[in-house]
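Undergrad:
Protein chains: 2
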Amino acid sequence: MVFFCSWIHRFRSSSKPIYTNLINSFSRKLPTNQAVGSENIQKPFAKSFLPLALALILDCLLLISKSKSFGGKGSTDYVVKGSHKEVPQELIQELKAICKDNMTMDYDERYFHGKPQNSLHKATNIPDVIVFPRSEEEVSKIVTSCNKHKVPIVPYGGATSIEGHTLSPNGGVCIDMSLMTRVKSLNVKDMDVVVEPGIGWMELNEYLEPYGLFFPLDPGPGATIGGMCATRCSGSLAVRYGTMRENVINLKVVLANGEVVKTGSRARKSAAGYDLTRLMIGSEGTLGVITEVTLRLQKIPQYSVVAMCNFPTIKDAAEVAIATMHSGIQVSRVELLDEVQVRALNLANGKNLPEVPTLMFEFIGTEAYSREQTLIVQKIALEHNGTDFVFAEDPEAKKELWKIRKEALWACFAMQPNFEAMITDVCVPLSRLAELISRSKQELDSSSLVCTVIAHAGDGNFHTVILFDPNQEKQRKEAERLNHFMVHTALDMEGTCTGEHGVGTGKMKYLEKELGMEALRTMKRIKTALDPNGIMNPGKLIPPHVCL
Amino acid sequence: MVFFCSWIHRFRSSSKPIYTNLINSFSRKLPTNQAVGSENIQKPFAKSFLPLALALILDCLLLISKSKSFGGKGSTDYVVKGSHKEVPQELIQELKAICKDNMTMDYDERYFHGKPQNSLHKATNIPDVIVFPRSEEEVSKIVTSCNKHKVPIVPYGGATSIEGHTLSPNGGVCIDMSLMTRVKSLNVKDMDVVVEPGIGWMELNEYLEPYGLFFPLDPGPGATIGGMCATRCSGSLAVRYGTMRENVINLKVVLANGEVVKTGSRARKSAAGYDLTRLMIGSEGTLGVITEVTLRLQKIPQYSVVAMCNFPTIKDAAEVAIATMHSGIQVSRVELLDEVQVRALNLANGKNLPEVPTLMFEFIGTEAYSREQTLIVQKIALEHNGTDFVFAEDPEAKKELWKIRKEALWACFAMQPNFEAMITDVCVPLSRLAELISRSKQELDSSSLVCTVIAHAGDGNFHTVILFDPNQEKQRKEAERLNHFMVHTALDMEGTCTGEHGVGTGKMKYLEKELGMEALRTMKRIKTALDPNGIMNPGKLIPPHVCL
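Protein sequences, first through last, are from chains X and B. All residue numbers for the first sequence refer to full-length UniProt numbering, where the first residue is 1 and numbers rise by one. All residue numbers for the second sequence refer to full-length UniProt numbering, where the first residue is 1 and numbers rise by one.
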């Protein structure tokens, strides 16, 4: 495991944000039949990086082959155990008939799909079969067959999940959506787009740019739209545009019985029955496989101001973020970084930013309005010991600054290239953010581990990256202790254990404290009603001790 | 029935927007024990109108007593039939033990609760018992008892629903939430508030005003927060702030088995498990009784520009609304009225507005930004044959204009005081709105009935008020034909049969065309899992022909 991780780290430090896509594009069987009649987004993208991909492929395969043991070292908290039943030959034959060449039982491929790429979560099993469906119809047939044989299914998108969503603790069939990347229709006048779930948000935005539109969710590079729906993700722009919950118009989903459900019309708002769209968003593949997504788009703003401001303490920085939100200013980004995170960014990017608590702002709209908002927030910052704003002036400088911020996780590995990262994700009511960050920071600073703080401060959502040596059990335990501390502190403040990363296997243990057993029983009742055989992504989201 | 309706019409024309609250405050038993330890919002409100209420009470009772026949005239489409089983004496005794004096079996009270106030929907039965719980605990006990005896429950808020949500086609127990109106906590720094479901949105905003905050949903006057959650309502400000879906942080809900479920934390965003909050919003009391709501609040804007603009055709007006949205302008309201609706407003309010298709705009933010947005939209309007903008200058004039708009329904009755109204509620992708309105308008204009058009044009949501003589079967049929025409036209445009009013009994027949049988079966599976005895608001939302 260590080898694979360290390879990823090396890769991260060379061509960080694209590494997930690269892995996707070279480490699996190539599709024999691309869907025709519509634009395939991933193809040109993968193509442009082909030389690099080919150069790295041998390295990848070599390192994967060295790391085939499962379970191994590590806290049991992060190793998901599951019983495993052999997949019946009859099912294999049915899947072959459906998927033709687009399936594999190759060990390396199964191994690769058995471990999320950016996560310390592991499982004691890996999938038995990987299928690469090309259409909703194929997904429906695959799921119908698996349901008939009561074999588990794990939907698989960009695999950038941090909480173990794509683990296959019971083996079974992994449905890799990477061949379903079409833009099915772009409705410029309605500012919406209908896509297949395997398309990445970055590729989608490349496609949309010429139309003056964009999709305003920006999770980790490599994330796909389907996975983003499944985990109810958000990102730095959620403070302005909301999360996936607010930005999906409707879905098509294949349920456990193989039925294809359309969750809503294409109208922007509707009161027509239960909100199946929102039920599916954040259900982490435990209720169905998403096969089509209609997304709400935004106009690319005509103007933006991007600025940074430094503070003597992280509490000052957090207070300014809170005061900015209270002012009624519709900031489009307000990101907080502590001095350790800035140091990491400097190290990884050859920058020389002041290594002190920092806020990064973006104001958008007309030029006059962006500037007016900036002046108001500058005044707020001054009242809280902030320095003068430093502006990113030209479009390239602005883009670079957000790129650096987006790759903060990889930057952390520049400080400790052979370490793993525990990434936390709590979110609290806004008024509690400064206190939560202060208390957490105190705990992090007094720890022996290197920890950085990054917050989507306008939403009350903050992350820490806790670096630890995976070979040092004591360090792993300390990382876990810090995570527990922050989660419980957030829950005591009426917050949540996960603002945007999802439950997966990692956060199940906190749900009862957060929501109560009644809510969990309700979730289990819904799960059982829609997936009576329990085949859909088993072992995720609903804690195993919940009984009906 | 006619007498009661005509009384409402008379009442409407005298003191329109408050009539629902007045009815609520005098036509039911007064609570014996108000909840203590927190502010009761409805009390001072009701008190201030007490003299008027007392003056009207005799009139009300007299007219109600004249109209006790059910079913009667009218299309069978709008008369909901249901079997009725006598409520067991044991349940009555249990309810008495829970609710003490806060329950009634008085016929007038049951009759009153058996007919939604603004709706042409009727049922062949009325509730057998009305209970007025004072706490979540009481609601839980009531529901537990009803579930034990398998007796239907109908939750009852402001009763302003248009689609028959509060009908009791199978009799049973009506749970009137009008004694649960407390503000449980206001968190100014988090910009959220925790309330009981019986509080009205208008009363809540009165309470919030001194804090510089408001709740940005504005459905019909008299609507309560609980009912607004249940129907996933919106209103004129949804174009800026979203619907109830986007503005509720969490709920507490009593399920059919009596369990109290907390659907989420108080964090603004969370990825912690299935989105039970959104599942309950829009479930119309068929999954549970809402007992507590945490709402997201907004700052009262520091400045606003309110303007009207006239157009030669309704298509021009619709095109301007669409172009405004495409421009990226964050308009806070863009309401469209046809010439008939303007005539109604003039008649009811003694105004002299030009009786032509009209757009009403609101732009908010800083003064400079509001004015900048106004200039951009003025330019768009000019390009589409719009007149110069006419501005409401002072705060009182602005308030009056929105009040007139809000009371548009009552204004329609000024044209035909003894008629009933069929109110339609379709919503389509924005690019189709102009075409839909044009086609509908053509159909409406060539009808013998008086019809007005009001649209939340920025959302693609539009209503028509079709006035008809309830004694003329031919007129009723014609109103139904027009409604069908608009719904089917909207569905053919990938729209929805209900943008904000909900399904109730009125829109069930369109859901299969809109969503497909697979989605309806999924809803039924969820319903059955959470309410196996089918006691929660039976006969609503899920069409009876949906089988598992």
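Here a beta-carbon is modelled for each residue, glycine too, at the ideal position from N, C-alpha and C.
Measure from the alpha carbon of G506/X to the alpha carbon of each residue in E514/X, K540/X and G82/X, then state which is nearest.
TA: Start at 1 with the first residue of the first sequence, and residue 506/X comes out as number 506. Per the Cα distances, K540/X.
Undergrad: Can a CB atom of chain B be found closer than 8 Å to the CB of A434/X?
TA: Numbered from its first residue, the first sequence carries residue 434/X at position 434. No, A434/X lies away from the interface with chain B (no Cβ there is under 8 Å from its Cβ).
Undergrad: Compare the C-beta of M415/B with all C-beta atoms of chain X and state if any pair is closer than 8 Å.
TA: Here the question's residue 415/B lines up with position 415 in the second sequence. Chain X, which has no Cβ nearer than 8 Å to the Cβ of M415/B, makes this no.
Undergrad: Enumerate in chain order the residues of its own chain whose CB-to-CB distance from E443/B is below 7 Å, with the five nearest sequence positions on each side excluded.
TA: For the purposes of this step, residue 443/B is identified with residue 443 of the second sequence, where counting begins at 1. Hits under 7 Å: L482 and F485.
Undergrad: Between R439/B, V342/B and Q117/B, which has its C-alpha nearest A411/B's C-alpha?
TA: The residue you call residue 411/B lines up with position 411 of the second sequence. For A411/B, the nearest C-alpha among the options comes from V342/B.
Undergrad: Return the chain-ordered list of same chain residues with a C-beta closer than 7 Å to the C-beta of G158/X, the five sequence neighbours on each side being excluded.
TA: Taking the first residue of the first sequence as 1, we reach residue 158/X at position 158. Excluding residues within five positions, the ones whose Cβ falls inside 7 Å are T20, G200, G222, A223, T224 and G227.
Undergrad: Taking 8 Å as the threshold (beta carbon to beta carbon), is G516/X in contact with chain B?
TA: To locate residue 516/X, count along the first sequence from 1; it is residue 516. Judged by the 8 Å Cβ criterion, G516/X is in contact with chain B.
Undergrad: Can you pull the chain X residues whose beta carbon is under 8 Å from the beta carbon of G495/B, in chain order?
TA: Taking the second sequence and counting its residues from 1, one reaches residue 495/B at position 495. Per Cβ cutoff of 8 Å: S265, R266 and A267.
Undergrad: So what's C99/X in DSSP terms, helix, strand or just coil?
TA: The residue labelled residue 99/X in the question sits at position 99 within the first sequence. C99/X falls in the helix class under three-state DSSP.
Undergrad: Can you tell me the Cα-Cα spacing of I64/B and M244/B, whole angstroms?
TA: Position 64 of the second sequence holds residue 64/B. Position 244 of the second sequence holds residue 244/B. In this prediction, I64/B has a pLDDT of 35, which is less than 50 and means its spatial position is unreliable; what the coordinates show is noted afterwards. Computed Cα separation, rounded: 34 Å.
Undergrad: According to DSSP, is V154/B part of a helix, a strand, or is it coil?
TA: Working through the second sequence from its first residue, we reach residue 154/B at position 154. The answer is strand: DSSP assigns V154/B an E or B state.
Undergrad: Give the DSSP bridge partners of T452/B, in chain order.
TA: Residue 452/B sits at position 452 when you count from the first residue of the second sequence. In DSSP, T452/B forms a bridge with V465/B.
Undergrad: Determine whether the Cβ of K141/B lies closer than 8 Å to any Cβ atom of chain C.
TA: The structure shown contains no chain C; its protein chains are X and B.
Undergrad: Residue range of the alpha helix (DSSP H) that L217/X falls in?
TA: For the purposes of this step, residue 217/X is taken as residue 217 along the first sequence, with counting starting at 1. That residue, L217/X, is in no alpha helix (DSSP H); it is neither H nor E in DSSP.
Undergrad: Excluding the five sequence neighbours on either side, which residues of its own chain have a C-beta within less than 7 Å of the C-beta of L30/X, listed in chain order?
TA: Here the question's residue 30/X lines up with position 30 in the first sequence. Caution applies to L30/X, whose pLDDT of 36 falls short of 50 and renders its modelled position unreliable; the model cannot decide the point.
Undergrad: If contacts are defined as beta-carbon pairs under 8 Å, then S304/B and I364/B qualify, I think. What distance do you get, rounded to the angstrom?
TA: For the purposes of this step, residue 304/B is identified with residue 304 of the second sequence, where counting begins at 1. For the purposes of this step, residue 364/B is identified with residue 364 of the second sequence, where counting begins at 1. The pair is a contact, with the Cβ atoms about 5 Å apart (cut-off 8 Å).
Undergrad: Measuring CB to CB, does D218/B end up less than 8 Å from L297/B?
TA: Position 218 of the second sequence holds residue 218/B. Position 297 of the second sequence holds residue 297/B. For D218/B and L297/B, no; Cβs fall outside 8 Å.
Undergrad: Drop a sphere of 10 angstroms on the beta-carbon of A490/X, count the other beta-carbons inside from all chains shown, and report buried for 16 or more, exposed for fewer.
TA: Numbered from its first residue, the first sequence carries residue 490/X at position 490. Under this definition A490/X is a buried residue.
Undergrad: Can you check which of these residues, M508/B, G502/B and T522/B, is closest to residue 564/B by C-alpha distance?
TA: Past the boundaries of the shown model lies residue 564/B; chain B is included only from 1 to 548, so the question cannot be answered.
Undergrad: Write down every uninterrupted run of the beta strand (DSSP E) in the stretch 241-280 of chain B whose length is 3 residues or greater and which is fully enclosed by it, in chain order.
TA: Those beta strand (DSSP E) runs which fall completely within the stretch 241-280 of chain B and span 3+ residues are 248-255 and 260-262.
Undergrad: Listing by chain order, which chain X residues have their CB less than 8 Å from the CB of C547/B?
TA: Counted from its first residue, the second sequence places residue 547/B at position 547. By Cβ distance, chain X contributes nothing, its closest Cβ being about 14 Å from C547/B, past 8 Å.
Undergrad: Grab the span of the beta strand (DSSP E) containing A307/B for me, first residue to last.
TA: For the purposes of this step, residue 307/B is taken as the residue at position 307 of the second sequence. Per DSSP, A307/B belongs to the beta strand (DSSP E) from Y303 to N310.
Undergrad: Just the C-alpha distance for H149/B and P88/B, rounded to the nearest angstrom, thanks.
TA: Counting from 1 along the second sequence, the entry for residue 149/B is found at position 149. Counting from 1 along the second sequence, the entry for residue 88/B is found at position 88. Spanning the two alpha carbons is a distance of roughly 8 Å.
Undergrad: Tell me, please, whether the CB atom of T528/X is closer than 8 Å to any CB atom in chain B?
TA: Against the first sequence, residue 528/X aligns to sequence position 528. Yes - at least one Cβ of chain B is within 8 Å of the one on T528/X.
Undergrad: What does the Cβ neighbour count give for S448/B, buried or exposed, with the cut at 16 atoms within 10 Å?
TA: Residue 448/B sits at position 448 when you count from the first residue of the second sequence. Per the 10 Å Cβ criterion, exposed.
Undergrad: Grouping DSSP H, G and I as helix and E and B as strand, with all else coil, what is C229/X?
TA: Translated into the one-based positions of the first sequence, residue 229/X becomes position 229. Three-state DSSP puts C229/X in a helix.
Undergrad: Taking DSSP as the reference, what is the three-state secondary structure of C547/X?
TA: Working through the first sequence from its first residue, we reach residue 547/X at position 547. Three-state DSSP puts C547/X in coil, outside helix and strand.
Undergrad: Does any C-beta atom of chain B lie closer than 8 Å to the C-beta of E383/X?
TA: The residue labelled residue 383/X in the question sits at position 383 within the first sequence. It does not; no Cβ of chain B falls within 8 Å.
Undergrad: Select from D492/X, V465/X, E494/X and M493/X the residue whose C-alpha is nearest the C-alpha of E480/X.
TA: Mapped onto the first sequence, residue 480/X falls at position 480. If we check each option's Cα against that of E480/X, V465/X comes out closest.
Undergrad: Near V194/B, what residues of its chain come up, given a Cβ to Cβ distance below 6 Å and the 5 sequence neighbours on each side ignored?
TA: Here residue 194/B refers to the residue found at position 194 when the second sequence is read from its first residue. Answer for V194/B: K184, S185 and T294, listed in chain order.
Undergrad: May I have the straight-line CA-CA distance separating residue 553/X from Y369/X, to the nearest angstrom?
TA: The question about residue 553/X has no answer, for chain X in this structure spans 1 to 548.
Undergrad: Of the choices S140/B, E137/B and P155/B, whose alpha-carbon is the least far from that of G504/B?
TA: Residue 504/B sits at position 504 when you count from the first residue of the second sequence. It is P155/B.
Undergrad: Three or more C-beta pairs closer than 8 Å, one from the stretch 342-355 of chain X and one from the stretch 422-433 of chain X: is that the case here?
TA: Contact between the stretch 342-355 of chain X and the stretch 422-433 of chain X is absent, because fewer than three Cβ pairs lie under 8 Å.
Undergrad: Along chain B, in chain order, which residues have C-beta atoms closer than 8 Å to that of Y207/X?
TA: Along the first sequence, read from residue 1 onward, the residue named residue 207/X stands at position 207. Chain B residues near Y207/X: none, gap ~19 Å exceeds 8 Å.
Undergrad: Using a threshold of 8 Å, state whether the C-beta atoms of A321/X and G534/X are closer than that.
TA: Within the first sequence, residue 321/X is the residue found at index 321, counting from 1. Within the first sequence, residue 534/X is the residue found at index 534, counting from 1. No, these two residues do not count as a Cβ contact at 8 Å.
Undergrad: Look at the Cβ atom of L213/X, then the Cβ atom of K269/X, and state whether they are nearer than 8 Å.
TA: Stepping through the first sequence from its first residue, residue 213/X is reached at position 213. Stepping through the first sequence from its first residue, residue 269/X is reached at position 269. No. Outside cutoff.
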